[in-house]
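Everything below concerns the one structure shown next.
Numbering (the working numbering), first residue to last: 219 to 636.
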């Protein structure tokens with residue numbers, strides 16, 4: 219190559235790099251009409267994920283990646299989406315750290331050039347504004363406000379923490395009312411971590427339980443999110459005196475497994491005989507240790523999908539997909555697998571309706587008129603899911619080392635949130 223041509227090529231490359239950097243720094247998108255679609259070729263679609271694989275507390279959502287991989291592998295085995303194979307890059311580990319979450323989002327878009335991020339599962343989502351500004355379809359567990367409203371971000375089971383004007387999923391309070399034979403005259407205490415997710419969770423669940431007829435005797439986001447308490451007595455004493463000087467009928471932990479084990483163990487040692495419940499401890503892997511099994515025995519766990527114990531065609535297919543992705547092994551199932559699986563499933567379902575000409579615009583157009591029924595999370599519809607949850611769920615109970623269905627999978631009418 220002649221030197222002048224090399225010089226021109228270098229200058230052009232530098233100009234392109236500067237344009238990309240400027241676009242990223244301003245939160246805009248460098249894609250223009252006529253440009254190729256980021257992450258889409260004639261025969262592939264590139265997708266990545268963001269998941270908290272490692273955390274300071276030891277809690278891990280790593281199986282979210284396996285669930286997503288299982289669903290994408292089945293899609294590819296069936297011919298892909300409108301003839302395109304899904305090129306799943308796997309999930310970036312954000313370590314449950316806001317800075318790493320944003321860094322992971324930037325890497326997937328700017329370096330890996332993905333079309334979509336699915337799954338996204340973490341208690342932090344600092345990359346949300348960046349992904350939405352870059353017009354990256356993003357699908358994950360809608361437990362954070364960022365899943366409620368942004369144009370390009372979707373919860374696989376809808377928006378679970380809506381803003382005023384949205385709605386609340388009533389699966390948890392209505393399910394526990396069924397367990398107790400009714401909510402009238404029953405009291406509930408709620409405890410969460412002292413962070414944004416915990417504060418918002420307390421606010422939303424307190425409203426939901428009140429609407430169902432419960433007396434909310436205690437509701438605090440008070441437990442440090444960065445380290446496990448070595449002594450739970452300060453929390454248990456308050457909780458056990460919160461219902462007019464006595465113990466509430468239900469104690470709910472809106473926290474992750476290591477915290478739940480500590481809290482529930484302390485409550486049981488203090489003589490608590492009421493109902494314990496949380497939204498995270500549906501994981502047969504937790505039962506390997508005697509201490510963990512004892513701490514969680516009797517706990518009612520909220521699910522927003524069909525229980526693994528349900529014998530339905532969709533559940534049988536899920537189990538077969540997970541087994542195949544795990545190399546033919548029967549691995550213990552957990553809710554993180556379902557999070558990844560259904561995040562991928564929603565992306566695939568919308569992308570299929572977008573047609574052969576897959577662009578961000580065609581994906582968004584398909585999402586704006588999307589609905590289906592009978593999935594593992596119930597009936598789905600967009601863009602309704604960006605304002606409210608799909609309203610379905612179940613309760614399972616750990617009893618004698620095994621999970622059993624306490625309240626079958628059912629859809630409940632949501633209530634206005636304000």
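Every residue, glycine too, gets a C-beta built ideally from N, C-alpha and C.
The structure presented is a predicted model; accordingly, all values stated were derived computationally and were not measured.
Query                                                                                                                                                                             : Result
Between 469, 264 and 534, which has its C-alpha nearest residue 518's C-alpha?                                                                                                    : 469
Please state whether DSSP places residue 402 in a helix, a strand or coil.                                                                                                        : coil
How far does the alpha helix (DSSP H) with residue 624 in it extend, from its first residue to its last?                                                                          : Not the alpha helix (DSSP H): residue 624 falls in the beta strand (DSSP E), residues 620-629.
Tell me whether the stretch 256-272 and the stretch 561-579 touch, counting them as touching only if at least three CB pairs, one residue from each stretch, are closer than 8 Å. : yes
Does the distance from the C-beta atom of residue 362 to that of residue 321 stay below 8 Å?                                                                                      : no
Residues in the same chain with beta-carbon distance under 6 Å from residue 318, minus the five sequence neighbours each way, listed in chain order, please.                      : 312
From what residue to what residue does the alpha helix (DSSP H) around residue 561 run?                                                                                           : 553-572
Distance, Cα to Cα, residue 506 vs residue 300?                                                                                                                                   : 43 Å
Just to confirm before moving on: does the CB-CB distance between residue 406 and residue 379 stay below 8 Å?                                                                     : no
With a 10 Å radius around its C-beta and 16 neighbouring C-beta atoms as the bar for buried, classify residue 491 as buried or exposed.                                           : exposed
In whole angstroms, what separates the C-alpha of residue 325 from that of residue 593?                                                                                           : 32 Å
Just confirm the distance between the C-beta atoms of residue 337 and residue 282, as a whole number of angstroms; I'd bet it's less than 8 Å.                                    : 5 Å
Cβ atoms of residue 581 and residue 385: under 8 Å apart, would you say?                                                                                                          : no
Alpha carbon to alpha carbon, how far is residue 374 from residue 557?                                                                                                            : 8 Å
Out of curiosity, what's the CA-to-CA distance linking residue 633 and residue 626?                                                                                               : 20 Å
Strictly by DSSP, which residues pair up with residue 590?                                                                                                                        : 598
Among 487, 610 and 409, whose alpha-carbon lies nearest the alpha-carbon of residue 420?                                                                                          : 409
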